[in-house]
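Shown next, in structure tokens, is the structure this report addresses.
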Amino acid sequence: MTRMPDSKPQLTIRPAAAADSAQIKQMICAERLGPTSLDWRHFLVAEVPAEGGSAAIIGIGQVKEYPGCLELGSLVVLPEYRGQGIAAALIKALEARGGRPLYLLCRSEMEGFYQRFGYQTISFWRAPLVLKLKLLPAPLAALVGIHARVMCKRA
27 MTRMPDSKPQ LTIRPAAAAD SAQIKQMICA ERLGPTSLDW RHFLVAEVPA
77 EGGSAAIIGI GQVKEYPGCL ELGSLVVLPE YRGQGIAAAL IKALEARGGR
127 PLYLLCRSEM EGFYQRFGYQ TISFWRAPLV LKLKLLPAPL AALVGIHARV
177 MCKRA
């Protein structure tokens, strides 16, 4: 488990449990992220203390394992907790679990965010096959203003 300083919400990052599965899926759907490969065993959750001594999940993320490819994905922080370093803590914890190279798919407006963590945009043609297949609908999404990027962190 990873703890953040007390100046921000007291954050704990832990591996997801089976009981977290429904909330993980709900958070993914709320952000309109791809609802594939949502096996709770690949997720980490970020939580803060809640009333009654329980904990509230405020962020999630996973490393998806494909043949020959690891993908950082499904990164969500609840809107009221954004801008507090929670996504950064999740990324750091997920990267510690995953190997390299580590790929991700994101909307173009998130490209700068991931560059801060050392991810570089790569061309579609340099992406692993499984990510190319996931990007097949991208030209249709571009017609409505959604542009996807493939990014990679090698070291």
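Numbered per the working numbering, the sequence shown spans residues 27 to 181.
We put the beta carbon where it would ideally sit given N, CA and C, even for glycine.
- Residue pairing for PRO61: DSSP places it in no beta bridge.
- The alpha helix (DSSP H) runs of length 4 or more contained entirely in the stretch 99-160 are, from start to end of the chain, 112-123, 137-141 and 155-160.
- The DSSP-derived three-state label of GLY94 is coil.
- Around the CB of HIS68, 16 or more other CB atoms lie within 10 Å, so the residue is classed as buried.
- Secondary structure of ARG67 (DSSP, three-state): helix.
- If the five residues before and after TRP151 are omitted, its C-beta is found closer than 7 Å to no C-beta atom of its own chain.
- In terms of CA proximity to SER80, GLN36 leads the group PRO154, GLN36 and LEU131.
- In the three-state reduction of the DSSP assignment, GLN88 falls in the strand class.
- Contact check for VAL102 against LEU96 fails: the beta carbons are separated by 7 Å or more.
- In this chain, the beta strand (DSSP E) harbouring ALA174 covers 174-179.
- Under the three-state reduction of DSSP output, ALA43 falls in the coil class, being neither helix nor strand.
- Sixteen is the threshold: since fewer than 16 other Cβ atoms of the shown chains lie within 10 Å of the Cβ of CYS55, the residue is exposed.
- Rounded to whole angstroms, ALA48 and LEU128 show a C-alpha spacing of 26 Å.
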